[in-house]
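Asks: Each residue of the sequence shown is one higher than the one before, counting from 13 in our numbering.
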Amino acid sequence: MRPHEFEVERCNNPLDTIEHVASVNDWSFDRPGDDEITILIGAIWADYTMSLSWIDQIETLHLACAFDMRVPERRHMETLKLVTKINHQLLVGHFDLWFNNGTVVYRQTLPLNGGIDANEQQVQFLLGNSLDACERYYQAFQFVVWAGKSASDALDSVLFETQGEA
13 MRPHEFEVER CNNPLDTIEH VASVNDWSFD RPGDDEITIL IGAIWADYTM
63 SLSWIDQIET LHLACAFDMR VPERRHMETL KLVTKINHQL LVGHFDLWFN
113 NGTVVYRQTL PLNGGIDANE QQVQFLLGNS LDACERYYQA FQFVVWAGKS
163 ASDALDSVLF ETQGEA
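So this is what it looks like as structure tokens:
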């Protein structure tokens with residue numbers, strides 16, 4: 013038996029808050045409709061395209077962040093191994109490999125059920141967490157795709173942290 017569903021009027025479109033955050037951060041964005049916004053964010057390792065969609069039927073904000081990397085078919089299996097290893101480490105969000113075009117995508121959702129409005133802190137976390145995950149693991153994907161490294165070796169090399177002082 014499903015819980016009772018209540019019709020709740022939403023005060024604000026969550027994408028309005030995202031548009032505001034993008035403007036404050038001076039990020040380029042395009043808002044082709046009420047339920048979609050695309051933001052281009054330049055970072056250390058790559059330029060990331062974040063596409064956010066408001067899915068009204070389930071009151072959820074969906075983010076897909078892609079970087080300009082096409083995985084050749086011969087590297088799909090090792091890339092999938094890397095995706096699995098990375099996803100085991102993530103508490104929020106996950107990476108996917110889209111087979112139709114070989115794109116690596118980071119995805120995350122923000123449920124806003126019951127008419128809850130997205131606040132700036134939630135949006136900053138959503139965008140920041142996505143950007144941090146992509147930046148942290150970008151080189152591992154590069155090592156697997158272009159250097160032919162194994163998923164384990166690629167992940168070990170990007171998670172290497174220097175300790176102590178020289």
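Yeah, the Cβ is synthetic: ideal placement off N, Cα and C, and Gly gets one too. The model shown is predicted, which means the values in this text are computed figures rather than measured ones.
With distance defined between alpha-carbon atoms, name the residue in E31, H74, I98 nearest to S169.
Replies: Nearest of E31, H74, I98 to S169, Cα basis: I98.
Asks: Within 10 angstroms of its Cβ, does S142 collect 16 or more other Cβ (buried), or is it exposed?
Replies: buried
Asks: When the distance is taken between beta carbons, is L122 closer than 8 Å to L52?
Replies: no
Asks: Can you tell me whether W66 is buried or exposed? The criterion is at least 16 other CB atoms within 10 Å of its CB, across all chains shown.
Replies: Counting Cβ neighbours within 10 Å, W66 comes out buried, since at least 16 surround it.
Asks: Could you give the distance in angstroms between the alpha-carbon of D42 and the alpha-carbon of T50?
Replies: Those two C-alpha atoms are separated by around 5 Å.
Asks: Given a cut-off of 8 Å on the beta-carbon distance, is the pair L109 and T91 in contact?
Replies: yes
Asks: Can you tell me whether F111 is buried or exposed, with buried defined as 16 or more other CB within 10 angstroms of its CB?
Replies: exposed
Asks: Would you mind working out which of G126, L94, C146 sits nearest Y118, comparing C-alpha positions?
Replies: Closest by alpha carbon: C146.
Asks: Any idea if Q120 is buried or exposed, counting beta-carbon neighbours within 10 angstroms, 16 or more meaning buried?
Replies: buried
Asks: When you compare the CB positions of F79 and V104, do they come within less than 8 Å of one another, or not?
Replies: At a Cβ-Cβ threshold of 8 Å, F79 and V104 do not count as neighbours.
Asks: Spell out the partners DSSP gives E48 in its beta bridges.
Replies: G45, S65
Asks: Round the Cβ separation of L167 and A152 to the nearest angstrom and send it over; I've been treating them as touching at under 8 Å.
Replies: 5 Å
Asks: If I follow the unbroken beta strand (DSSP E) through D108, where does it start and stop?
Replies: Unbroken beta strand (DSSP E) run through D108: 106-110.
Asks: Quick check on DSSP: helix, strand or coil for A76?
Replies: strand
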